[in-house]
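**Q** Structure in C-alpha cells, see below.
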Amino acid sequence: MNFIGRIFFTSRLIMKVYDFLEIEKKWQQYWDEHKTFKVPDETSKPKYYVLDMFPYPSGAGLHVGHPEGYTATDIICRYKRMKGFNVLHPMGWDAFGLPAERYAMRTGTHPRVTTQKNIDNFRRQIKSLGFSYDWDREIDTTDPGYYKWTQWIFLQLFKKGLAYLHESPVNFCPTCRTVLANEEVYSGRCDQGHEVIRKPMRQWMLRITAYADRLMNDLDEVDWPESIKKLQRDWIGRSEGAEVDFLISPDDQIRAWGKGCEVEAWKSNRRTSKWPESPESYTLRIYTTRPDTLYGATYMVLSPEHPLVEKIVTPERRQAVLDYCAQARNKSDLERTELSKEKTGEFTGAYAVNPVNGKPIPIWVADYVLISYGTGAIMAVPAHDQRDWEFATKFNLPIIQVIEGGEIGSQAYEGDGRLINSESPVSTSINGLNVSDAKKKITAWLEEHGIGKTAVKYKLRDWLFSRQRYWGEPFPILFDEQGNPTPVDESELPVALPELADFQPAKTGESPLANAEDWLIVKRDGRTYRRDTNTMPQWAGSCWYYLRYLDPKNNNAAWDPAEEKYWMPVDLYVGGAEHAVLHLLYARFWHKVLFDLGLVSTKEPFKKLFNQGMILSFAYKDSRGAYVNFNDIDFSGDKPKSKTTGEVLVESIEKMSKSLGNVINPDDVVAEYGADTLRLYEMAMGPLQATKPWNTRDLSGVHRFLHRVWRMIIDVDSGELHSSIQDVEPGEDELRLLHKTIKKVGDDIEGMNFNTAISAMIIFVNEMLNKPVKSKSTMEKFVQILSPFAPHISEELWRKLGHTDTLAYEAWPKYDQALAEDASVEVPVQVNGKVRSRLVVPADVDEETLKQLALADERVKESIGDKQVRKVIIAKRRLVNLVIG
RNA sequence: GCCGAAGUGGCGGAAUUGGCAGACGCGCGGGAUUCAAAAUCCCGUUCUGGCAACAGAGUGUGGGUUCGAUUCCCACCUUCGGCACCA
C-alpha cells in the first residue's frame, strides 16, 4: 500500500460511514439473544398469521428467489407488529425428498446427515437476512416428533375410509425406481427427466375425489388470485352430463354370456326397475356431456383397459383387439402423448343398440378414451366432437349431423344450433330444439325409462399416495399374512424409519425399507405382521405444517385446539405459483378432512394467497451457443466479453440455473452490500407478483439510498447524531412531506406494492438529506417506517436517536390526511387535449375560479386565438380542458 | 390446440374512478471536489427538428368509444406461464 492509499484507508476507519457488516451482525445477535420475535403468549391482541411456503433445504443453498417472498412477508409482519397485532411468523423445513436419498445411494451417507447439514446452511443463510421469524417454532418434517403426527393424520384418513389400497397400473420411473402420481409426470417423464412406464402395483390411494365438490365450491370463500382459483377449478374439472346405458346387441350377448336379451324386453324391464347402480353384464354404460347428440352416435369406444373388451370381442377380431390392448397397456405415458396426434383403434366385432332409435352401432376399442375418466366408455358422435370426427374419418365410420351449423365435411361442429335428424318411433323427438332444451328433454326421457341419468364427473383423480423410497414418512400400517391392512396403535407412533446401511431399493421393486429385516416383521398378540414398506410422498409433510407451527413442541397432540382457534386461518400465505395446484389442493383436502373430524375450526386453511413472481437472470452465450459463466465474463466494456477468447457475448434473460452459469448467490450479495440492501433491492425490482430479471448493477441504487439515510441522520466524522437534527417542531414543508410519506408507505405495504413504497422513501431522503435543520421527531418517524424494509440500519439509527429498546414494537406513526395532501397543486390547462399552460392553485380551489384562471391565462388566450370556446371540462385538482372550434 | 398473465425510454419499472406518460432507480453525458482515482454532490437524459423558446410524434399493431385512452371495447401480433384426447 502506498502512502496515499494508507491515508485513505485510515480516513475510512475514522469516518463513521454506514458500516452494514458490523450493524447487521450486531442486531441479528441482539434479536437472537433477546428473543425479540418470540410470539408472546397472549390472546388479547388481534392476531395475524403470516406464512411462507417452507423450503426444501437443497444442497445448493438459498437462491435469491427465496428471500423475495420472505422479505415481503417479513415487511408485512414487522408492519403488523407496529400496528398492534400479535403476529405469528414461523419457518421450517420440508426436508424429506429424493435428492438426499440419491446422495445416500451414491455415497452411503445417511439422508439424515445430508439433510441436517443442508438445514443448518439454510438456517444460517435465512438468519443472515434478518427476518423476524420466531425460531422457537422451527419445524422439520423429517423429525420423528413431527412425522409422528403426519402418520397420525394418515390414520385418521384411513379410519374414515379415505385411504384405501388399490392395485392398478401406476406411473413408474425405472431409473428412480419409484412410483409417481399423475401430476408428477410431465409429458411422460419424471422430474429428473427419465422416461416413465406403467406398472401394476398395490398402492395407497387417498379419496380426494370425495371432496371434489367442496374443494371447488369453497374457493369462493378465499381471497386468492382469480387465476389460481381458475387453475384449481380446471384441475378439479367438474362436468355435468348424463350416463346412458346401451344394450349390447343380442347376438354378441349370446356369444359372450350364452344368453340373449331382446332390446324391447330390456327397455320395458328398465322402465319398471328404473336405473340400476351398476349395469347388467350385457349393458355398456357410457358418460356424455352431450346427451342431445344421442341420435348422432354412430359408434361406441371402449378404452383398452375396459373389462368388457375381452367379453364382447368376436373370435375373428380377438387377436387384433387383444394385441392392441396389450400394446396400449405397455405404452409409456410418453409414447401415449407423443402419438396422440394420430388416432388408433380396433373394431371389436360387437355392436350396441342405441336406446333412442334401436339401431345397432359398432363397438370399437381405442386409446383416446381413458379408463380413468367417466365410465371408460363413450358414445362417439363424429359430427359434433372433433376427436370422434378424426377417428371416424380415419376409419371410414358414418357421420350423422344432428345439429344445424358448421361444415361437417371439414370438421366437427361443437356449437349450438337447431336439432335435426333426431326422432324415432321408439322414443321421443328432439328435432327443432336448441342444444340446451334438447339435453333436458332427452335426459328426462332417459330417466323416465331407466336408461340414463344425469351425472356429474370430475377430472380430479384419487391421489396416489405411496412411494417406494426410504426418505419419507413410513405408513403406520401392518399387513397380516393374508395381506389385510391393520393400523398401528396410536400409542406406537411414530413408526420411525429403520437404520440402514444400504439405500438401494429392494430387488422386488419395493422400497429400501423391505431390506430392514428387524424392522419389517412384527408380532402382535402372537400373530406375525409385515410392515408397509412404502413411504409417503413429499406432499404429506407440507399438507399440515401450518398447523404444527401453532404448537410445535406438543407431544400429546398434533396441536392444542385453543391455539388453533386463536390463530387459524392463515391470514396471508406467500409462495411461488408452481404450487398453485398440487400443494394447495392437497393441503386444502387434508384441512377439510380435519374440519370434518372437528380438529380444526375453519373450512379453509389459507385466507389470502399471494404468488410471488420468479426472479430471472441474464445469461450469456458465445457464437457456438454455449453458455458462459459469469466468472468468465469481462463486463468492463460496453459489451460483455469472454475472458478467455475476448469474443462479444449475446445476452438473454433466463431462469437461474447452474448449467447456464447465471445463478446469484445471496451470500455474495450480503457480503458485498449487506442484508438490508438485498432486501430493499428485491422489493424495489418491481411488483412482487411479476417475473423480473435480477440485475446486480441496480443494487447500487438502493445501497446508495441507505448510505444517504445514514448521512441524513449521522455525522460521519463523529459517528454521532448529525447537528442538523434538533428537538424542534417540524416546519410545514417537512411535515407535509413526512405525512405524505407515512401514508404512502403504509398504504403500499397494505397493498403489497413494496416497490413504490421504497420510491416514496427515496424521495423523502433526497428531499431531507441536506436540510440544515431537521426535526428529531421527523427523523424518528422516518426510521420507523423504514424499519420493516431495512430493519438493521433502522435499529441502529433508532439507538443513535436515543432509544434503548428495539423499535420492532414501536407504534406505526399516524398521519394526518390534511397534511398528507399538498397545499397547492399544479393544474395543466389543455386546449383541445394539448397542454398549453399550467396553473398553480390552492388545492381546494373551486371549479368556477379554476375556469376563470384558465381563460385568463396569457398562453391559453394565445392558443385559443379568435376561435370560440365550445366547452370547458374541469377535473377537480387534476386538469382543465378547453374545447375550441 | 385450449386457458391464464403480460407488452411503456438504452434497462428495471411508475402513473387514483379514463385526466400532465415516463415517478423512483440503473446506465449514460456534462460539471464540482481531487495531484489523480474511488466515494460523494450538482445539472441533463423518450424520440425527431431547433442555439433556444418551442413544435411535432410517442405506451406491441390496426380500428372504435370519448372533450380526453397506457387505462374501456373489437380484431390481430409477440413473449412468458399452465394444461393437454377428461367424452
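Residue numbering for the first sequence follows this note's numbering, beginning at -13 and increasing consecutively. For each residue, glycine too, the CB sits at the ideal point set by N, CA and C.
(1) Going by CA-CA distance only, name the one from D120, Y197 and F158 that's closest to K578.
(2) Cβ atoms of I214 and A338: under 7 Å apart, would you say?
(3) Secondary structure at S638, three-state DSSP: helix, strand or coil?
(4) Going by Cα to Cα distance, which pick from R184, P211 and R271 is closest to R315?
(5) Is K2 helix, strand or coil by DSSP?
(6) If I'm right that I699 touches I711 with Cβ under 8 Å, what's the distance once you round it to whole angstroms?
(7) In terms of DSSP beta bridges, what is M286 paired with?
(8) CB-CB under 8 Å to P758, same chain, minus the five flanking residues each way: which ones, in chain order?
(9) Taking N867 as part of the beta strand (DSSP E), name the residues at either end of that continuous run.
(10) If we call anything under 7 Å between Cβ atoms a contact, is Q313 one with Y268?
(11) Need the endpoints of the beta strand (DSSP E) that P814 sits in, please.
(12) Please classify N501 as buried or exposed, where buried requires at least 16 other C-beta atoms within 10 Å of its C-beta.
(13) Going by DSSP in three states, D734 sits in which element: helix, strand or coil?
(14) Where DSSP assigns a beta bridge to H577, which residues make up the other side?
(15) Should R110 be labelled buried (16 or more other beta-carbon atoms within 10 Å of its own) or exposed?
(16) Between which two residues does the beta strand (DSSP E) holding A441 run?
(17) Give the single residue among G438, Y273, R845 and A670 whose Cα lies nearest to the Cα of K260.
(18) With DSSP collapsed to three states, give me the class of L74.
(19) Quick check: what's the CA-CA separation for I771 versus F117?
(20) Which partner residues does T521 have in the DSSP bridge list?
(21) Please confirm if the stretch 510 to 523 is in contact with the stretch 46 to 63, defined as three or more CB-CB distances below 8 Å between the two stretches.
(22) To the nearest angstrom, how far is it from the Cα of T(-4) to the Cα of L707?
(23) I'd like the span of the beta strand (DSSP E) that includes M187, first residue to last.
(24) L464: buried (16+ other C-beta within 10 angstroms of its C-beta) or exposed?
(25) Check each candidate in V855, H370 and G360 and name the one with the smallest Cα separation from D278.
(26) Suppose you measure from the CA of V813 to the CA of T792; what does that come to, to the nearest Å?
(27) Roughly how many angstroms separate the alpha carbons of Y606 and V287, rounded to a whole number?
(28) Quick check on the burial criterion: 16 or more other C-beta atoms within 10 angstroms. Buried or exposed for F489?
(29) Would you mind stating whether V751 and R690 have Cβ atoms separated by less than 7 Å?
(30) Mind checking F144: buried by the 16 CB within 10 Å criterion, or exposed?
(31) Quick check: what's the CA-CA separation for V731 versus P777?
(32) On a CA-only basis, which of I735, A482 and L166 is nearest Q524? Give me that one, please.
(33) What whole-angstrom Cβ distance do V342 and S413 have, given they're in contact under 8 Å?
(34) Heavy atom of the ligand PLP less than 6 Å from the Cβ of P368, yes or no?
(35) Taking C-alpha atoms, which residue in E496, W530, M738 and N417 lies nearest to K134?
(36) Report yes or no: do three or more beta-carbon pairs, one from the stretch 68 to 82 and one from the stretch 29 to 46, lie closer than 8 Å?
**A** In terms of the structure at hand:
(1) Y197
(2) no
(3) strand
(4) R184
(5) coil
(6) 7 Å
(7) I349 and M365
(8) S710
(9) L865 to I870
(10) no
(11) S810 to V817
(12) buried
(13) helix
(14) Partner(s): none; H577 has no beta bridge.
(15) exposed
(16) G438 to K443
(17) G438
(18) strand
(19) 16 Å
(20) R453 and P460
(21) no
(22) Because T(-4) sits at a pLDDT of 40, beneath the cut-off of 50, its placement in the model cannot be relied upon, and the point is left open.
(23) I183 to L192
(24) buried
(25) H370
(26) 44 Å
(27) 52 Å
(28) buried
(29) no
(30) buried
(31) 15 Å
(32) L166
(33) 4 Å
(34) Among the ligands in the structure shown, none appear at all, so the ligand PLP cannot be discussed.
(35) W530
(36) yes
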